[in-house]
Structure formats: C-alpha cells, structure tokens
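J.: Input: one structure, supplied below.
Number of protein chains: 4
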Amino acid sequence: MTNIFPCKIFDSMVRILGKEIFKTTTGTPFLIPTTGTGAWESALTNTLSPGDRIVSFLIGQFSLLWIDQQKRLGFNVDVVESEWGQGANLEILAEKIAADRAHTIKAVCIVHNETATGVTNNLAAVRRILDEYRHPALYLVDGVSSICALDFRMDEWGVDVALTGSQKALSLPTGMGIVCASPKALEASKSAQSVRFFFDWNDYLKFYKLGTFWPYTPSVQLLHGMRAALDVIFEEGLDHVIERHSRLGKATRLAVEAWGLKNCTQREEWFSDTVTAVVVPPYIDSTEIVKRAWKRYNLSLGLGLNKVAGKVFRIGHLGHLNDLQLLGCLAGVEMVLKDVGYPVKMGSGVAAASSYLQNTIPLIPLRI
Amino acid sequence: MTNIFPCKIFDSMVRILGKEIFKTTTGTPFLIPTTGTGAWESALTNTLSPGDRIVSFLIGQFSLLWIDQQKRLGFNVDVVESEWGQGANLEILAEKIAADRAHTIKAVCIVHNETATGVTNNLAAVRRILDEYRHPALYLVDGVSSICALDFRMDEWGVDVALTGSQKALSLPTGMGIVCASPKALEASKSAQSVRFFFDWNDYLKFYKLGTFWPYTPSVQLLHGMRAALDVIFEEGLDHVIERHSRLGKATRLAVEAWGLKNCTQREEWFSDTVTAVVVPPYIDSTEIVKRAWKRYNLSLGLGLNKVAGKVFRIGHLGHLNDLQLLGCLAGVEMVLKDVGYPVKMGSGVAAASSYLQNTIPLIPLRI
Amino acid sequence: MTNIFPCKIFDSMVRILGKEIFKTTTGTPFLIPTTGTGAWESALTNTLSPGDRIVSFLIGQFSLLWIDQQKRLGFNVDVVESEWGQGANLEILAEKIAADRAHTIKAVCIVHNETATGVTNNLAAVRRILDEYRHPALYLVDGVSSICALDFRMDEWGVDVALTGSQKALSLPTGMGIVCASPKALEASKSAQSVRFFFDWNDYLKFYKLGTFWPYTPSVQLLHGMRAALDVIFEEGLDHVIERHSRLGKATRLAVEAWGLKNCTQREEWFSDTVTAVVVPPYIDSTEIVKRAWKRYNLSLGLGLNKVAGKVFRIGHLGHLNDLQLLGCLAGVEMVLKDVGYPVKMGSGVAAASSYLQNTIPLIPLRI
Amino acid sequence: MTNIFPCKIFDSMVRILGKEIFKTTTGTPFLIPTTGTGAWESALTNTLSPGDRIVSFLIGQFSLLWIDQQKRLGFNVDVVESEWGQGANLEILAEKIAADRAHTIKAVCIVHNETATGVTNNLAAVRRILDEYRHPALYLVDGVSSICALDFRMDEWGVDVALTGSQKALSLPTGMGIVCASPKALEASKSAQSVRFFFDWNDYLKFYKLGTFWPYTPSVQLLHGMRAALDVIFEEGLDHVIERHSRLGKATRLAVEAWGLKNCTQREEWFSDTVTAVVVPPYIDSTEIVKRAWKRYNLSLGLGLNKVAGKVFRIGHLGHLNDLQLLGCLAGVEMVLKDVGYPVKMGSGVAAASSYLQNTIPLIPLRI
C-alpha cells in the first residue's frame, strides 16, 4: 500500500530509462504491469479519439496485429501495406502527408522493427517527412524488438510515444510494458476521447505528483529486476550493446547466405539486427524446422507467421546473448536443415559467421 | 513464439485453478498479464455494453475505485452506498432487484472482501436475492483479497465472473490477473459492445482452441511460480489454508480488542479474515503509525484510505503467513502505538492473540 | 580452472574480512570450503604438533567437542572445566600460566561464545593474563557464534587464530570456514608437525603468491554470497549490527525473567547476545519444548545438549534477524511453554522485551 | 540444531545416491561439506594407517595431487607412473599384485578419469587383476570427473571407496564431497590408525544410528540442490545422461581431428567423455588460448597443467550441457585458434561434430 520502496527505485529508474534508453530529456516514462500489446493500447487510447484517422504501416504480423488493435479500438486506420519482407512504404506516407493540408491525419503508427519478417524501418526518415510538410500528426513507435538493442533516439527523431516490453532487449521476464510519452503526447492525452482506465496515463500522472508513482500495485519484482538489468547493460555500455547486436545480426546474415538461403528481408537498408527471418525452399515446411529444433535440439526458433507461415523460420538475436551462443544456435539450425532434407553444407554457416566475428569481437573490459 | 512449454503448464493449471481454487466445474479461467485493476476491466468490458445499468456496492476505497472504473468505462452505475465499515446493503439490493421487472439491471458488482475497511460481504445472500426474483443480472465478484484465503464457491453461489490477482492469497509476485468466467458470462461476451482489445476474452478463447493458449506473450515465470504456489497450498490443503486465515483473523481481532481499540468493521458478520482495519482515537493520526512502523520497525502496515485516512491503519493477514509472524507483527503494532502516545498495555494484544492461538494451531502434518 | 573471477572477488574480500570483520591489519584470512568443525581443525593442525600441551576451557557442548577434537588429533589437552553456565575459569588459567616458566603450554584454546549455554567469555582478560606473564602461548579463538555479531578485536586482543563459519552471523549458507591467522600463527605453521593436507595453510599461501588464491576448487557461489552479505552488513554498519545483537540479547533475557525462568548463564558478565539458554523447571523436559515448537509452531529452538539435555532450550538471536522476528519467536515460546504445562503468563515475556525495545530501536537509515 | 528437515531429505538421498548413482546396494554414502580434495582425504584416512603401502597411478595432474596428499598423509606410496596422455599401467599393477604374496599392499588408488589429460582408466580391469590374485587390497577410486557422467558400477567392480564432488557431473555448486564406502572399507575404518576428526566416518555412522545424520552442520542448501539435481538427472534418465556424455565426447574428438590437432590421450581405449585435452603445435602457447578464450569470447577452457603446461588446453564437456552449447564452444575454440595464428579452417571442427551429432541426438522425451 505504502509503495515506499518502489518509489525510491522508480525515481532513478525514470531518469535512467528516459535519458539513457529512450534518449529523451523531455519524455515521461510509464512502467505498466502489462505486455507489449498492452503498451500498444496505452499509446493509442491515451492520445487518440474514436474515429481519428491514423496512418499505419502493414509490413508483417506484428504490425498487422497492431493495426487490428487500432481498428478494433475504433480508429479510422489508413493502412499503408508493403509486401512482407519490405519496410514501411515511406513514399506513400509522403504523398499522404503532403495531401493532408487539413491535418486529418492524427497519428502515424510504425513498428520500428517488424519481428515477423526481420525488417527495421527508418524512423528518422518518417520524421523528416512530417517535418517537411510541417505536419502535426503524432508519431507513435512500437520499439518492442528494437529499443535497447538497435539505435533509437526519441528526442532527435521527434517520436511522441515510444514503447517496449521488459522481456525483449532488457532481458527481463514478461510483465512490464514501458511507454514513453513526449510533452506533445501528454498534451494530446488531455483531449483524447478513447475510453480507458487501466491504461490511462492521467492516473499515473496523478500519482507521480503525489510521489507514490503507481495508481495500482506495480510489478515490484520486475522493478528490482529492471535495476539489475540496467546495471548489466550499463556495465557493457549501451553503445557496445548496440554494436553487439549489429555484429550478431551481420553474422547471422552471413550464415544464411552461406547456407544458400534467402533473407526474408528484401533490402539491406531494412536488415534487422535483432531477428532474422530465413526463407526456406518451397519443398520444405518451415514449421517442421521450428518443431524439430525444439523437440530434438532444445533450440527455440520462431515460426513463420500468417502470410509467411511455412515459408520462413526466424532466428532471434536480441538481449543478453553472446557470440558463442549465436554460433551454437547456427550450428543447431544446420543440423535441423539437414534433418528436413535441405542440402546444407555442415559448418558452412558457422564458418561464415565465425570468420566475421573472429575479427570483430572486442575484449571484455573487466577481463583485460 | 511457440509457447509450447507454457501450454503444457496451462493445461493442468486451468483445471486446478478452476476446480480447486474457484470451485467451478463449468467456468473458464483466464490468466492475464495484468493486475487486479486490469482483471476488473476484463470482467466488465467483456460482459457489458456502454450505458448498461449495473448495481455496484460502495463500502470502501477498493469498491470506490472499481465504481470509478465502471463509470469511466461508460456504464450506468447504480451505486448502493454503505457507511465505511459496513458491508454491502443487501436490503437495498433486494428492493432494486424486486422493482426491476424489466430487467434493466445487467449486472451486480460486488467486492467480496473490501481491503480498505476489512469487510467481507455475504456472497451467498446476493445469489439468494437474485434467485428469489429470478433476475438474470450477471453476478460479478472482485475476489482479490478473498479467493484462496476465504471460503469461495463460484458454482454454488452462481458467480458469473470471479477475479483475483497473483500477489494476494496465492503469494506470488504481482503481474497476473486471474479471471474466471461462467458459461453465462461467456455468452454475454458475444454481444457485449464495450470496446476492448488487450482484455478481450475472445482472443484468448481463439487461442485456447488452437492449443497455444495466449494471444500475446504470457507471464511465463509467473506460470511456473503459480505451479509452485499451488504445490505449497495443496500441501497444506486449501481447507486448512482457509482455517488458518480464519484463525489469524480472529487472533488479530482479539488483539485489537485487548488494546482497547475499535475494529473499523461494524458487525461480526462482516469481519474479514484477511485484513483488519483498526480505528485509532481521534487524537492520533493513523498515517503516523504506518510511517513509524515502516521506518523504525520494518513493519508494513496499510494506510487508512480516503474517508478513513488518518483514522484507521490496517493489518494484513493473508497469504503465506504463519501464526508467529502475525504475533511478531502485533508486538510491533504495540510498540508503534506506544510511540505515538496511545496508552497501550505492552503485550496485551499479543497475549490475547496467543492465548487463543495456543489452543487452536494444528500440528504441521509433515512433522508429526 | 582459471579461477579468474573468484580471484578478483577474493582480493577485496580478504582485505575487508580481515580489516573490518576480524579487526586485524596483520592477520591472513583463509576461506576454506568446510564448516566450523573444519575451521577448528585448520586452526589446530597448522599451528601445533602432536603431543603439544594446550590449555582448553570446557564450559559447554561446543567447547567439549573442540576438546574432543584436540585430544583425537593427538594434543596433550590441559582441560580447565567450569560448571555449564559459567564462563572460562580464568583464575586457573592465570595459575597455570604463572606456573609455566618453561613455556610448556603451546596454546590456549577458548570458545568466545559457547552456543550450548549462552556464555560469552572475556577474550581481553585472557590476553592480559598471557601478557602479564609474558607467556608465548598461541591464542586460538573459536568465534563461530560471535564474530560479526559480538565485539571482536583480533589485533587488540592479540588473538593468533580466530575462526568463524559462513552460516552464523554472516547469514550465508553453510560451507565456508573462515580462519584468520596472525603473523605469529603463520610462523608457527612452519614448524607445526601435525599431519594435514586439506586444511594446510601452506598450500593456500603458495596460491596466494601465485595470485590464484585456492589450492582446490573454492566455494564460488559462497564467495558471491559473501560479497552480498558484507554489503548488507556494511549498509547497516558493523557497529549497528553489534548494537542490534546486544539489544536482541537483552530483550530475550528480559522475556526469560518475565516468564519466571532462569538463564542458564550464571552471571551477567557472561551473558551472550547471540544465544540464550533457558533453564526449565525440573518437571518439564526441554526436549519436548523444542519438538513442539518445531512441529506445531514452525519455530526452530535449540535443544539442551549433553549435560543440560532436557534441562534447557535455546533461543538463537544472531545474524540477519530483526526485533519483530524475535518478538514473534518469544510469543511462540510462550505458547509452547503453556502447551507443556508451565504456568506462563501469556504475553509477559513479549511485553518485557517490547517495553525495552520500543525505546531503543533506532530508525532505519535509508527510510528516514 | 535439530536437523529434522535435512534428515528427511537424507533418508531418500542416501538410498538414491547409493543405488542409482554409485550403483551399490551395500555401500554407505557420506555427504561431507568439503571438496573433492577433502573427499580424497576422507577415503584415505578412514581406511589406512600411516606407513601403509599403497599402489597409486600417476598419469596427470590430478593423480599427482592425490599422490602428493597420500605421501604427505604418511603413506608409503608405490607410484606407478605413465607418460601423461596414457592410462594407468595395469601390467605393472598385475606384476606388483602377483609379487605381493604377503599382502603388503593395503590399497590400490586410481583416478577414474584424469581431468588433466582426458584419460579414462579401465576400472573393471583393475578389479580383475585383484581378483585373479585374490588380493585383499582395498580399491579406492577418485570418480570426481566421472561418476554420474561415465559408466560407473561400484558393486560390480568391487570398488571399496568411490568419491565425487557436487560441482562436477551433478552440476551443483562446489561444497559437497560425496564418498561411498563398501562394507569392507567400513570394516577397515575400525582399525585404521590415521589421525582424523573432521573427515572421520565413525562420527557420521554414530549420527546415522541416531537418525540425525550429521556430526556437524550439513550443507543444507546443497542437499536441497542435490534433490533438484537428481530430479533433472532422472528425468533425462541416467543411461541417457551417460549416452549424452559419450556423444559429446565423440563430437569433440571429431572436431579436434578436423582441426588437425592431436588429442593428448594416446589411445582410443582411454578417451574421456567428460574432458578432452587438445595438444597444440610447438609454436603456440596453450595458455594464450585459454586466456583469449576467457577475455574475448567469454569461454572458459582448461589450462594445461604441470608437465603439459603451455602444451595442451582442455575442453570440458560434463554436467548439464547440451549439444548446441558444445557446438558454440567448438566454434569459439576455432576463433581462438585463428587468433593465435593456428591455420584452422573455420567451421571445420563444428562441421565434423555436427555431422555426427545430427544423426545421433535423440528426441527430448517430454517434447515428443
């Protein structure tokens, strides 16, 4: 009830998370006992009213699910679809923004990193488009599989709501949705008409002022975990964390190439450093790959989802993961590929990855 | 992504939680990554439509908060208020139900155990009233501070939605809202017009059919914790767990009486076995008691909230708590009372409690 | 094999443990994967040769066990016995030392705090006797139930070997014997003829020089635990830790007095602040008290051992324990006393203890 | 003090450890709070007297250390030395046993698996030699890096004392030495004259009879850990655990071969399935390999010790380790080899290992 301890933690957490992880000096973080899906809902219902027109990019399963939520929550969603494996179509965005002299578009919603296809969108470019036309639309970003692993700059890119979950790059258990709102987003929340209660920022803000911080029981254990996770991240250094993801992403792509398989992501500019979706030949069912990896090798790969079901499997490489763990995973993928009849040259992907990594892995600072 | 392990756990969890903890053979449990406040929202938005008339009892801070939610979510709330310290006014309920020939009342909402005042409502009596008038209203129960600690019988009492949270009688970390829906509630969810997405049961039901159980990332760690918590509960035996709470509740009340203080709960029929709200004399600020307990004795008492702020402090006695821990707490309360100038006879409350407990604590089965 | 991480930890550990906990600037600590019994063996076999005359005080079960070890390891033990409940007889020590012009006494062995009877010996007085006669005997001290809870000053009191275990005042799991040797003890180890291998300090010293610190696999997890335990201790402040034990000891003795029972410890100068042995009336079997406490109240009391079997039970109050936990324990003892037919006035001991504690417990610094 | 809980655990532990892990129905296990080095000491001092002649095989650093202990504890050690990389010379044993008509040899001491060189000795063959000459020598076996990972049969092979440590194949923290004594070893302990106290079996046996099991504080946390570790082992099935080690050992050797490096173990009959010592070319210092692995790749390899210092590095593959973890390690070794200038073909070792593993890894039973 008294919430005294969590408050002490929260004081430093809010400063650190905002400034260091989201890279904002003006944003207000909310640490909500929910998942990424709940964080999405929080971003939308606090800033928008039913019927509001929003532009949203459909490029894979997770953007699809967010769009589904946007529709079911009553917004007028102007969907900009790309082929799965491509990034957000920013040309169409530019056209829509240019045409919208009346400012009927209230928000642009984009998934920074589409986990289903391994596509990373160019957030700075979206901001440039909005700025070019001096368009006041709110800029809402799903950073679930990007923030704290990929380069992310809330203030510099003028993001109005950025969100992530505890169980991704922060390497914590599931259960905390982390939402960061710009002053403009907070202003919008004052007039947003969407019905909300559990996800309502106003209740949080009321308790922030009281110094007790939560309108209901917070995830105390996750807050302690967050403090420990941040210690681990800052010991490595966030820049090094991002470099490590970049290295692991490139290593994975080199392996895929060596296997003679195609990356689901169609262009280099969209390559994701946190997840790689691998396209399998038509005669193989990728679901079989994921099942065998789990049942025989204790390896957890991602299924191909929806439009790419059976066609791709996914290798996740985000969070507290090191180079040797990735190489063990790649070796496992090779065995599964052999199991399902793909003529992989054993060791080829590992060799491609390790040849690259051997030259690029830095010394561990505490052990020099 | 594959959710394979959580599914295996879930299979047994759903059966055990429903049958053993909620005591229903027909209800469907939902284990939602949220808090009790989110569980409330889930119960309401899945079964009701904006504008629906509901009867809701205001008897303390937590019922007040739920009513606030009910109003903000757009329902037409017919509030039945009692003095804080009294239980739900069932005579007024009977009148309203009797008068409602047109069945405009869509739901009756009640908090089983009001944590702010230590009042336990008579759930069987509510059912008898509804049955007497053959009224079809849904029966929604907040069991946050009761289920798994107080006697609770979902099927026998015809409860349509019952809910609790992981961090109360189950003694887990915060983060899981547990909601159980009767077939009638599930039926209602098909036509309920409330806007919902994160809390939508239909998404859960869709995944139940698929055998993957969750529409988004579940609280995997809490599911493992739940299994461990249920092991602990069933080792003691749920009946013994309930008896233990009954014993701890009575012991606490005997201590309060010995101190010459008043129980905030006005009648024995409403006495709560999970929390006791103690009224302090007018010349003492109960907030001071809670602060000193925390700062000097490492004792976490509950503040008086809202109408009883400054007037009561609360002793929680639910969850994985034993008799000696309670006695230590009561001894701590005596020291704080002395600190703030109340002329307590040191040891008096402990003596009253321990004299009763000494005759009633059973042997620990595994140690006989 | 590389032992790199434990070494980094050890570096700071050795400095902190020696300087802050043992209060020595010249002593060398050894962190041995063993128990207190192994630490005893390490102290004896590294400094003495078979047949060496040693003076050892028998005042209770733990000093008896150590003497048993001393005899079985082949030393010529000159036992100075006291009635159980009394401290070491220092007058007889003084006589023996005075008479020993030939310096045939090679060591004086004393248990700082006899856990079986709750007797704390006066270590400074032993040193004064040795100094008075300029006697070169080594001074070996069992500090298992004292170091880090009672005032202990290795350098000031000229202790040559001091030892404790991880599972006592340090509040860690069992498994680490901590032995600290003075330069004089290290010098003695060069000529000591006792057969030893596992407990041999020379192997440790060899690895200290190499910078790898352990001659065999160390208790890595306990070393991490030690670092955490020291954090907790230093956050409270060692002086405050010692004051807390003093407070808990006095509170316990006040309760015993209020119950009308006798402290096994016969004089105030020997009162122990880490354990209290309580004498029961002849018509009660103290074993019954310990059994019932465990089986009915989940309370772990200490049995009366050997000469005081059936006659005393023991209340431990050392380590990470706070005032309310002790009061809960005292309330439990009252219930057990009632169970076994002792006419205790319920609440009397708790009242005596809490009346004293209420005035003396300081505020928790981090919460002020 | 009461030790009640550990006793309950111990009851089942002793049966399971003896019967299932050591494969003896007549042996008596002792769970001692110590390390493997302490377990050695326990085996020797309980069964032998100073001056006793024992035959002991020197084949690497760990057998050397045990022999050092045997000598320093005062036994007359008849050392049978082999070149490092070879197994115990059983022909010489046969000669000595054949010649010893007077039965002056009191014990044969052998390390089952020499961790420094990756050599596994043939324990059944030793027994056959003793039986052939009906020689009554005790048969003492260090099973530290073998028991619970390699095939071990105490009764069938007539082993008199077998020992291991918690931190090896059982995958627990360091701190428990597990010693199992045959009836013949227990009989020998009655007349053994070696000075001992901490490691004395007689004290254990006395407490076994009392039903309290420990003569001093046991490693309670490790006993709980042991129960959990045994659950994990029996869920996989001990036979499958041993098969897994056999598979991992072979995979590692195939990798070494593919790298064009030599196994330190000179003949297939001695290949170890728990550790592989790899010989590096003369122009490379293996210490550099171990250091780089740790500092750059977070990979913990074993140093070359003593005679093979600088010449070999070691890959451990025992305990709770799966195929992909090994492959990640092998990929790491390839990168280090490249770092230090060895012309390794990247991916070659991983390919050799994974080509073999892909055909041999069984499905995980709980996931079929």
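Chains as they are written, first to last, in UniProt numbering: chain A, 1 to 368; chain B, 1 to 368; chain C, 1 to 368; chain D, 1 to 368. Built from N, CA and C at the ideal position, the CB exists for glycine as well. All values derive from a computational prediction rather than experimental measurement.
(1) What does the alpha-carbon distance come out to for the pair C/Gln358 and B/Lys295?
(2) Is the CB of C/Phe5 under 8 Å away from at least one CB in chain B?
(3) In the DSSP output, which residue or residues are listed as bridge partners for C/Val119?
(4) Per DSSP, what are the beta-bridge partners of C/Pro29 in this structure?
(5) Which residue marks the beginning of the alpha helix (DSSP H) containing D/Ala41, and which one marks its end?
(6) Do three or more CB pairs link the segment 53–60 of chain D to the segment 221–230 of chain D at distances below 8 Å?
(7) Would you list, in sequence order, the uninterrupted alpha helix (DSSP H) runs of no fewer than 4 residues that lie entirely inside the segment 290–351 of chain D?
(8) Closer than 7 Å, Cβ to any Cβ of chain B: which residues of the segment 71–82 of chain A, in chain order?
(9) Measuring only between beta-carbons, confirm whether B/Lys311 sits less than 8 Å from chain C.
(10) Who are the neighbours of A/Tyr208 on chain F, taking C-beta pairs under 9 Å?
(11) Assign C/Asp231 to one of two classes, buried (16 or more other C-beta atoms within 10 Å of its C-beta) or exposed (fewer than that).
(12) Cα separation between D/Asn263 and D/Pro343?
(13) Only counting the same chain, and skipping five residues up and downstream in sequence, which positions put a Cβ closer than 8 Å to that of D/Leu172?
(14) Between the beta-carbon of C/Val280 and the beta-carbon of C/Leu299, is there less than 8 Å?
(15) Give the residues from the segment 218–241 of chain C that approach chain D closer than 8 Å (Cβ to any Cβ), ordered along the chain.
(16) Round the Cβ separation of B/Phe57 and B/Ile129 to the nearest angstrom and send it over; I've been treating them as touching at under 8 Å.
(17) Considering only C-alpha positions, which residue in the set C/Ala125, C/Gln70 and C/Thr120 is nearest to C/Leu93?
(18) Name the residue from C/Asp339, C/Glu95, C/Gly328 and C/Met176 whose alpha carbon lies nearest to the alpha carbon of C/Ala351.
(19) To the nearest angstrom, how far is it from the Cα of D/Leu238 to the Cα of D/Ile59?
(20) Distance check for A/Leu138 and A/Glu132, CA to CA, integer angstroms please.
(21) Would you check if the segment 283–297 of chain D and the segment 309–327 of chain D touch, i.e. whether three or more CB-CB distances between them fall below 8 Å?
(22) Taking Cβ positions only, does B/Thr174 come closer than 8 Å to chain A?
(23) Relative to the C-alpha of C/Lys291, which candidate in B/Asn46, B/Val195 and B/Leu363 has its C-alpha closest?
(24) With a floor of 3 residues, list each beta strand (DSSP E) that falls wholly inside the segment 130–169 of chain C, ordered by position along the chain.
(25) Starting from A/Val55, trace the beta strand (DSSP E) in both directions and tell me its first and last residue.
(26) Given a threshold of 16 other Cβ atoms within 10 Å of its Cβ, counted over all protein chains shown, does D/Lys206 qualify as buried or as exposed?
(27) Is there a Cβ of chain C sitting closer than 8 Å to that of D/Glu41, yes or no?
(28) Identify the residues that DSSP records as bridge partners of D/Val80: which are they?
(29) If you draw a straight line from the alpha carbon of A/Val220 to that of B/Glu235, how long is it in whole angstroms?
(30) Kindly give me the distance between the Cβ atoms of C/Ser348 and C/Ala258, rounded to whole angstroms, as I take these residues to be in contact under 8 Å.
(31) Establish whether the CB of D/Leu332 and some CB of chain A are separated by less than 8 Å.
(32) Would you kindly check if the distance between the Cβ of D/Pro183 and the Cβ of C/Thr34 is under 8 Å?
(33) Drop a sphere of 10 angstroms on the beta-carbon of A/Lys190, count the other beta-carbons inside from all chains shown, and report buried for 16 or more, exposed for fewer.
(34) Out of A/Ser12, A/Met13, A/Glu269 and A/Asp323, point me to the one whose CA is closest to A/Asn89's CA.
(35) So what's B/Ala277 in DSSP terms, helix, strand or just coil?
(36) With 8 Å as the threshold, decide whether the Cβ of D/Gly38 is near any Cβ in chain C.
T.: Judging by the given coordinates:
(1) Taking the Cα positions, C/Gln358 is about 13 Å away from B/Lys295.
(2) Because C/Phe5 carries a pLDDT of 48, less than 50, the predicted location of this residue cannot be relied on, and no value is offered for it.
(3) DSSP links C/Val119 through a beta bridge to C/Glu114 and C/Phe271.
(4) The partner list for C/Pro29 (beta bridge, DSSP) reads C/Cys180.
(5) The amino acid at residue 41 of chain D is misidentified as Ala; the sequence shows Glu. From DSSP, the alpha helix (DSSP H) with D/Glu41 extends over Gly36 to Thr45.
(6) Touching, no.
(7) Counting only runs of 4 or more, we get 323–339.
(8) Hits within the stretch, in order: Arg72, Leu73 and Gly74.
(9) For B/Lys311, no CB of chain C lies under 8 Å from its own CB, so it is not counted at the interface with that chain.
(10) In the structure shown, chain F does not exist; the protein chains are A, B, C and D.
(11) The residue is exposed, with fewer than 16 neighbouring Cβ atoms inside 10 Å.
(12) Cα to Cα, D/Asn263 sits roughly 17 Å from D/Pro343.
(13) So the list reads Ser166, Leu222, Gly225, Met226 and Ala229, once near-sequence residues are dropped.
(14) No, the pair does not count as a contact, with Cβ atoms beyond the cut-off.
(15) Against chain D - using a Cβ distance shorter than 8 Å - the residues of the segment 218–241 of chain C are Pro218, Ser219, Val220, Gln221 and Leu222.
(16) Contact flag wrong, Cβ pair sits at about 12 Å.
(17) Cα-wise, what sits closest to C/Leu93 is C/Ala125.
(18) Here the closest residue by C-alpha is C/Gly328.
(19) Rounded to whole angstroms, D/Leu238 to D/Ile59 spans 28 Å at the Cα level.
(20) When rounded, the distance between both Cα atoms is 15 Å.
(21) The segment 309–327 of chain D is in contact with the segment 283–297 of chain D.
(22) The beta carbon of B/Thr174 falls within 8 Å of a beta carbon belonging to chain A, placing the residue at that interface.
(23) Among B/Asn46, B/Val195 and B/Leu363, the Cα nearest to that of C/Lys291 is on B/Leu363.
(24) Taking only runs of at least 3 residues, the beta strand (DSSP E) segments lying wholly in the segment 130–169 of chain C are 138–142 and 161–165.
(25) Its beta strand (DSSP E) spans residues Arg53 to Leu58.
(26) D/Lys206 comes out exposed.
(27) True, the Cβ-Cβ gap to chain C drops below 8 Å.
(28) Paired residue(s): D/Phe57.
(29) The C-alpha of A/Val220 lies about 27 Å from the C-alpha of B/Glu235.
(30) For a cut-off of 8 Å, the C-beta gap from C/Ser348 to C/Ala258 is around 4 Å, short enough to register as a contact.
(31) What sits at residue 332 of chain D in the sequence shown is Gly, not Leu. So, interface residue.
(32) At least 8 Å separates the beta-carbon of C/Thr34 from that of D/Pro183.
(33) Counting the other CB atoms within 10 Å of its CB gives A/Lys190 a total below 16, which places it among the exposed residues.
(34) Cα-wise, what sits closest to A/Asn89 is A/Glu269.
(35) Note: B/Ala277 maps to strand in three-state DSSP.
(36) It does: the Cβ of D/Gly38 has a partner Cβ on chain C nearer than 8 Å.
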